[in-house]
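Visitor: Got a structure here, written out as structure tokens. Questions coming.
Numbering (UniProt numbering), first residue to last: 1 to 326.
Here you go:
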């Protein structure tokens, strides 16, 4: 009987020692089996990972450890300078010693960037299946593409706001309007006529709208979409998942006969979350800048303004033949 007990004890110890590391680490992190999934192409999943990061726990990180890149590779922010894989439960400490030189800190950052892939468990699907790079930045392939994005956003907002009986008045921050005028290269006094031209191009007619042209263009060019809710006008960024109420209903005592709403100063860039590519990007201009640049001359037909010169295929073949013949 003593021998059987010893055998059972040895088998129990062996089972404990050979339990897969993934299971052990996964339970240690507290991730339920049904939620420990890898769906790299799922945009809501990506936004959920991004939402775990905060300036309190993830502050002043180099480009290599941009929170969007971390979320792209399946990591969530589990604490100060700490990442955790939502699938395999691996943990990665990303603290960079402040005493390091700039060169030393850069080398550490590059090493940590490589670990965003390699530090997953060998069985973790995130190692070879990161989310698309397009989840991490805003890039328009051409001026036409950026302009078309703005025009479609304006058309969508006009259609959704057309049925409302309210007259909305958002006071766009004057400092942003100066930025916008400077970017589209017009004097501030000419910004309103330019925005009127953009609106006409977007909807094909003079607009009877609950928002003025400058406000609509400012919202569309900075990634915001306006819609009406019970609480008033709501603007939302689908990229950083931020919703803002720049206008609130007037009180019963102050409400005029026509349904009007109180105004509030609204800065389209500062209202985004701090990591949103619409207001900041590390390797290329932010999304709003790309869109505003595309609005410099709205009178030019979209099909006549390619962003880069087009080369005919026959010219390319001729060049290749010339090189080979040489």
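Even glycine gets a Cβ: it sits at the ideal position worked out from N, Cα and C.
From a predicted model like this one, the values you see are computed outputs, not experimental measurements.
1. Which runs of the alpha helix (DSSP H) fall wholly inside the UniProt domain "C3HC-type" (44 to 161) and span at least 4 residues, in chain order?
2. Return the chain-ordered list of same chain residues with a C-beta closer than 7 Å to the C-beta of residue 127, the five sequence neighbours on each side being excluded.
3. Tell me the DSSP bridge mates of residue 232?
4. Can you tell me which of the three DSSP states residue 270 falls into?
5. Have a look at 285, 112, 70, 265 and flag the residue whose alpha-carbon is nearest the alpha-carbon of residue 171.
6. May I have the straight-line CA-CA distance separating residue 132 from residue 79, to the nearest angstrom?
7. Among 287, 164, 72, which has the Cα closest to the Cα of residue 220?
8. Rounded to whole angstroms, what is the Cα-Cα separation between residue 296 and residue 227?
9. Helix, strand or coil, according to DSSP, for residue 178 in the structure here?
10. Any idea what DSSP makes of residue 186, helix, strand or coil?
11. Since I believe residue 58 is in contact with residue 67 (beta carbons under 8 Å), could you give me their beta-carbon distance rounded to a whole number of angstroms?
12. How far does the alpha helix (DSSP H) with residue 333 in it reach, from first residue to last?
13. Excluding sequence positions up to five away, which residues of its chain have a Cβ less than 7 Å from the Cβ of residue 332?
14. My guess is that residue 202 and residue 233 are in contact by the Cβ rule of under 8 Å, so how many angstroms apart are they, rounded?
15. Identify every residue that forms a DSSP beta bridge with residue 244.
16. In whole angstroms, what is the alpha-carbon distance linking residue 229 and residue 105?
17. Once you ignore the five residues that flank residue 254 on each side, which residues in its own chain have a CB closer than 7 Å to its CB?
18. Chain B beta carbons: is any one of them nearer than 9 Å to that of residue 197?
19. Classify residue 56 as buried or exposed, calling it buried when 16 or more other Cβ atoms lie within 10 Å of its own Cβ.
20. By Cβ distance, which residues of its chain are closer than 7 Å to residue 32, with the 5 residues on each side in sequence left out?
21. Apart from the five residues just before and just after residue 330, which ones in its own chain have a Cβ nearer than 6 Å to its Cβ?
22. Measure how close the beta-carbons of residue 147 and residue 225 come, nearest whole angstrom, since I'm counting them as under 8 Å.
23. Roughly how many whole angstroms lie between the Cα atoms of residue 174 and residue 186?
Guide: Working from what's here:
1. 67 to 72, 102 to 118, 143 to 161
2. Cβ neighbours of residue 127 within its own chain (closer than 7 Å, five residues either side excluded): 117, 120.
3. Residue pairing by DSSP places residue 232 opposite 229 in a beta bridge.
4. Three-state result, residue 270: coil.
5. 265
6. A straight-line Cα-Cα distance of about 25 Å links residue 132 and residue 79.
7. Residue 287 is the option with its Cα nearest to residue 220.
8. Their Cα atoms are separated by approximately 27 Å.
9. Reduced to three states, the DSSP call for residue 178 is helix.
10. coil
11. About 6 Å separates the beta carbons of residue 67 and residue 58, which is inside the 8 Å limit, making them a contact pair.
12. It is not possible to answer for residue 333, since the shown part of the chain is limited to 1 through 326.
13. The requested residue 332 is not part of the displayed model; the chain covers only 1 to 326.
14. Your pair residue 202 and residue 233 does not check out as a contact, with CB atoms roughly 19 Å apart and the cut at 8 Å.
15. 235
16. Cα to Cα, the separation comes out at about 48 Å.
17. Residue confidence for residue 254 is low, a pLDDT of 48 falling below 50, so the modelled location carries little weight; the figure read from the coordinates is stated next. Nothing meets the Cβ criterion.
18. Of the protein chains in the structure, only one exists, and it is not chain B.
19. exposed
20. Because the pLDDT of residue 32 is 40, which lies under 50, any placement of that residue in the model is unreliable, and the question is left without a value.
21. Outside the displayed span of the chain (1 to 326) sits residue 330, for which this structure offers no information.
22. Not really, about 17 Å apart at Cβ, beyond 8 Å.
23. 15 Å
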